[in-house]
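Working notes for the structure below.
Residue numbers (this note's numbering): 31 to 132.
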């Protein structure tokens, strides 16, 4: 069984036991989170496609880790005037373990 879930504007294909890194979801490590934006479910060959969401479908996940992602460099450059700037940031991420799909 697997499902396609919309989290933070991105779609993830998940099944029970998978670990997924998504954009930050508020919560503490060990808490359970219910993801209700399920776009598609597949159970034993029976596929349900939502328009846009599958009604009464939800994915339950446990927060494993709150972390920062890899650094993203942002550079600005203007030619002929010696203008160069470098900044960067590390996006906040949440690592989820999928517990149940229902």
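Every residue, glycine too, gets a C-beta built ideally from N, C-alpha and C.
Just so we're clear, the structure is a prediction, and the values are computed from it rather than from any experiment.
Just to confirm, is the Cβ distance from residue i to residue j under 8 angstroms?
{"i": "residue 91", "j": "residue 129", "result": "yes"}
{"i": "residue 53", "j": "residue 123", "result": "yes"}
{"i": "residue 63", "j": "residue 94", "result": "no"}
{"i": "residue 120", "j": "residue 99", "result": "yes"}
{"i": "residue 106", "j": "residue 115", "result": "yes"}
Use the C-beta contact count for residue i: other C-beta atoms within 10 angstroms, 16 or more gives buried, fewer gives exposed.
{"i": "residue 49", "result": "exposed"}
{"i": "residue 131", "result": "buried"}
{"i": "residue 126", "result": "buried"}
{"i": "residue 42", "result": "buried"}
Going along the chain, which residues of its own chain have a beta-carbon closer than 7 angstroms to the beta-carbon of residue i, five neighbours each way excluded?
{"i": "residue 73", "result": "31"}
{"i": "residue 44", "result": "32, 33, 35, 50, 89, 128"}
{"i": "residue 104", "result": "117, 118"}
The beta strand (DSSP E) that contains residue i, what's its start and end?
{"i": "residue 108", "result": "102-108"}
{"i": "residue 123", "result": "122-131"}
{"i": "residue 112", "result": "First-last for residue 112: undefined, no H or E at that position."}
{"i": "residue 45", "result": "40-45"}
{"i": "residue 73", "result": "68-73"}
{"i": "residue 33", "result": "32-37"}
{"i": "residue 98", "result": "89-98"}
{"i": "residue 50", "result": "49-53"}
{"i": "residue 78", "result": "76-79"}
Which same chain residues end up closer than 8 angstroms to residue i when comparing Cβ atoms and leaving out the 5 residues on each side of it in sequence?
{"i": "residue 82", "result": "69"}
{"i": "residue 77", "result": "70, 71"}
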